[in-house]
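Quick note on numbering: the sequence shown equals residues 181 to 617 in the numbering used here.
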Amino acid sequence: MALARIVVSLGLVMAAMAARADLAGHGGPVKAVAVGAAGQVLSGGFDYSLIRWDVEGGRPAAILYGHDAAVNAVAMLPDGRALSAGDDGLLILWDLDDARPVRRMEGHGGRIASLAIDPAGRTAASAGWDQTVRLWDLASGEGRTLEGAAGNANAVAFSPDGRLVAAGGQDGFVRIWRVGDGTLERSLEAGGLAVNGLAFTGPDGLAAVGTDGGLRQWRLPHGEPIRTVALGPLPALALAAAPGTGVLAIGGVDGTVSIVSASGERLRRISAHRGAAWGLAFDPAGRTLYTGGADGLVRIWDAGTGDELGPPARAPGPATAPRVALAPWGASAGQDRGAVLFRRCVACHTVEPDGANRAGPTLYGIFGRKVGTLDGYPYSPALRTLDFVWTPEKVDELFGLGPHIVTPGSKMPVQVIGDPEERRALVRWLEQQTRPR
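Listed below in C-alpha cells is the structure:
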C-alpha cells in the first residue's frame, strides 16, 4: 500500500454563497458526514478527500488528503480529533486543529464501508468488505477481529454505554458483540437483504435499514422485534439517530431523506440530493441534520421542520487566507503542486511510457492523442465514440466541468478541481511528465 498522503488547502478561492447555500467543495460524491461535540463538521468524499468545513463562512476550512481511494466513513472523537476510513482499507486518525494525520491503522484486506467511535473516544469499530468487523485501540493503533462476522460488512455502531458493538452486512443479519471480550451475543435477522445502516436509539433500542427499503427496530438486550416500517421500494443507504430523542434520518438511493419518529412514524420526506444520499449526521442537540450526496454537496436541514438551512450570507469576493501545503507521510514539503494533485489520479493512471495500465490507461503521450485510442486499453464504448484530441485546454476542461460532462458514460470517476490555479498546476505538471522522450 502506498504511503498515506496529505495536502491541506486553507481558504480556497470560492464564489460567494447565498444565505441558504450548500457546502460545495468536494470533487465528487460525498460519502460521509460527521459532526463533533463542539459543532465541527467533517465530510469524506469519492475524491479521496476529507473537508473540515467553515460552516459560518460557507466554505472549506481545510481539505485533507491521506487516503489512496474514496473516503467512505468519517467520525468525530470527543476530544475534537477525527477518524476516517476508505476503499484503500486504511483508517487514519487526524488532529483537526493542526490539520495533520496522527496515526494510520492497517489490517483490513479491502474496502472499509463504515466506522464508529465508542462514547469514551478510546475504541473504534470498522466494518469491511473483507468480511470482517474490527475493534481498534485508538491510543496504540492496535486492532483485533471480532469472530462470527459473515459476508461483506456495511455498517457498524456502538451502544450508548460503549459495552456493545453491532454490525450488519450483505447477508441480511445484524450481529451484536460484547466489546470487552469480543463475545458474539446474538444475531438478528433483518429481512434477508443487505443491511446498509445501523443506529442505537437509546440504551435498549437498535435500528437498521437496508436494500429492501424498510426500517427495522429491536429491543435489547434480548433482541425482540419492535416494528418494521415500510418506507418504500427503493434501497435505503444510510441511517443516523438524533441524540436523546430517538428520531431517525434515513438516506435513500434516490436522494431523499426520511425523518422518522422514535415510534416509527414518518414525519417528513426531504428531497435532499440529486442522486444517492449517503452521508447523514445530526448535530449534538439533534435539531440540525447534515446530509451528503452523489451531487457532491453537503446540505443543512432543520430536523424539526425539514426546511433547508445554510451558512449566513457574506460579501462577494475570494477567500484570502493563505494556502498551506503540509508534507505527506515522509515526503518533501517543497514538492511540485501539480505532482501533489496528481496523487488523486495514481490509483488509476501512470505517466510512464512502459507503465502498466491500472484502472485507467497510462497518460504518457496523452497530449496530441485522440481520445480513446491508446493501443491495448479496453476503453468503454462511450469513450470510443467521442471525437476530440487531448490538449492542455481539454484536460483543464475535464477537471473544471467533470468527466461526467466532458467524457459522459466513461469509467472515469467524477472528480472536479474547482480552483483554476490548481487545475493549471496539474496540467503544467502533466505536460512535463507525459511528454514523449
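Virtual Cβ for every residue (Gly too), placed ideally from N, Cα, C.
Since this is a predicted model, take the numbers as computed values, not measurements.
Between residue i and residue j, what straight-line distance do the alpha-carbon atoms span, to the nearest angstrom?
{"i": "Gly246", "j": "Trp274", "result": "10 Å"}
{"i": "Gln613", "j": "Gly598", "result": "23 Å"}
{"i": "Asp434", "j": "His453", "result": "8 Å"}
{"i": "Asp534", "j": "Asp555", "result": "12 Å"}
{"i": "Arg302", "j": "Leu411", "result": "35 Å"}
{"i": "Ala304", "j": "Asn334", "result": "15 Å"}
{"i": "Leu344", "j": "Trp357", "result": "6 Å"}
{"i": "Ser189", "j": "Arg284", "result": "The pLDDT assigned to Ser189 is 32, lower than 50, so where the model puts this residue is not dependable; a value taken from the coordinates is nonetheless given after this. If I take the Cα positions, the gap works out to 21 Å."}
{"i": "Gly589", "j": "Ala474", "result": "16 Å"}
{"i": "Ala511", "j": "Ala307", "result": "Reliability fails at Ala511, whose pLDDT of 38 lies under 50, so the model's placement of it is uncertain and no value is given."}
{"i": "Val409", "j": "Gly484", "result": "20 Å"}
{"i": "Arg517", "j": "Tyr228", "result": "17 Å"}
{"i": "Ala505", "j": "Ile243", "result": "With a pLDDT of only 30 at Ala505, under the threshold of 50, the placement of this residue in the model should not be trusted; the figure read from the coordinates follows. If I take the Cα positions, the gap works out to 10 Å."}
{"i": "Gly331", "j": "Ile292", "result": "13 Å"}
{"i": "Val375", "j": "Arg261", "result": "28 Å"}
{"i": "Lys550", "j": "Val531", "result": "17 Å"}
{"i": "Thr542", "j": "Ala562", "result": "19 Å"}
{"i": "Gly580", "j": "Gly466", "result": "37 Å"}
{"i": "Arg314", "j": "Leu270", "result": "12 Å"}
{"i": "Pro464", "j": "Thr425", "result": "11 Å"}
{"i": "Ala249", "j": "Leu276", "result": "20 Å"}
{"i": "Gly548", "j": "Trp609", "result": "16 Å"}
{"i": "Pro405", "j": "Cys525", "result": "46 Å"}
{"i": "Leu419", "j": "Gly237", "result": "28 Å"}
{"i": "Ala265", "j": "Leu222", "result": "13 Å"}
{"i": "His288", "j": "Asp567", "result": "42 Å"}
Quick one, are the C-beta atoms of residue i and residue j less than 8 Å apart?
{"i": "Gly362", "j": "Leu417", "result": "no"}
{"i": "Trp458", "j": "Val210", "result": "yes"}
{"i": "Leu460", "j": "Thr471", "result": "yes"}
{"i": "Val586", "j": "Glu573", "result": "no"}
{"i": "Ile297", "j": "Leu263", "result": "yes"}
{"i": "Ala605", "j": "Leu521", "result": "yes"}
Under the assumption that residue i contacts residue j (Cβ atoms under 8 Å), give the Cβ distance between them as a whole number of angstroms.
{"i": "Ala337", "j": "Ala379", "result": "6 Å"}
{"i": "Gly205", "j": "Val254", "result": "That belief does not hold up - the Cβ atoms of Gly205 and Val254 are roughly 14 Å apart, past 8 Å."}
{"i": "Pro415", "j": "Gly444", "result": "Actually they do not touch by this definition, with Cβ atoms about 19 Å apart."}
{"i": "Ala387", "j": "Ala370", "result": "Not confirmed; about 10 Å, so no contact."}
{"i": "Val575", "j": "Val607", "result": "5 Å"}
{"i": "Asp384", "j": "Leu400", "result": "5 Å"}
Just tell me which of the options has its CA closest to the CA of residue i.
{"i": "Pro544", "options": "Glu369, Ala217 and His529", "result": "Residue identity differs from the one stated: residue 544 is Tyr in this sequence, not Pro. Out of Glu369, Ala217 and His529, His529 has the C-alpha closest to the C-alpha of Tyr544."}
{"i": "Ala422", "options": "Gly360, Pro340 and Pro258", "result": "Pro340"}
{"i": "Trp316", "options": "Val359, Gly331, Gly290 and Asp278", "result": "Val359"}
{"i": "Gln350", "options": "Asp278, Gly372 and Gly207", "result": "Gly372"}
{"i": "Gly659", "options": "Ala218, Leu230 and Gly219", "result": "Since the first residue of the chain shown is 181 and the last is 617, residue 659 is not available in this structure."}
{"i": "Asp259", "options": "Asp267, Arg564, Leu318 and Phe226", "result": "Leu318"}
{"i": "Val235", "options": "Tyr557, Ala212, Leu271 and Asp202", "result": "Asp202"}
{"i": "Gly321", "options": "Pro281, Asp310 and Trp309", "result": "Pro281"}
{"i": "Gly121", "options": "Ala214, Glu286, Asp277 and Leu364", "result": "Because the chain spans 181 through 617 in this model, residue 121 falls outside it and cannot be assessed."}
{"i": "Ala300", "options": "Glu286, Pro600 and Gly342", "result": "Gly342"}
{"i": "Asp487", "options": "Ile450, Thr553, Ala456 and Val478", "result": "Ile450"}
{"i": "Val215", "options": "Leu257, Ile430, Gly548 and Ser560", "result": "Leu257"}
{"i": "Val286", "options": "Ile272, Arg446 and Ser438", "result": "Correcting the residue identity first, residue 286 is Glu in this sequence and not Val. Checked all of Ile272, Arg446 and Ser438; the closest Cα to Glu286 is Ile272."}
{"i": "Leu477", "options": "Ala456, Ile430 and His402", "result": "Ala456"}
Residue ranges of each beta strand (DSSP E) within the region 330–399, 3 or longer: With a minimum length of 3 residues, the continuous beta strand (DSSP E) runs that stay inside the region 330–399 are 333–338, 344–349, 353–358, 364–369, 375–380, 385–390 and 394–399.
Runs of beta strand (DSSP E) lying entirely within the region 203–282, each at least 3 residues, in chain order: List check, beta strand (DSSP E) in window: 210–215, 221–225, 229–234, 239–245, 251–256, 262–266 and 270–275.
Contiguous beta strand (DSSP E) assignments of at least 3 residues, all confined to the region 520–585: None, since the region 520–585 contains no complete beta strand (DSSP E) of that length.
Ranges of the beta strand (DSSP E) found wholly within the region 460–490, counting only runs of at least 3: Fully enclosed beta strand (DSSP E) runs of 3 or longer: 468–473 and 477–482.
Inside the region 285–315 only - beta strand (DSSP E) runs reaching at least 3 residues: List check, beta strand (DSSP E) in window: 292–297 and 303–308.
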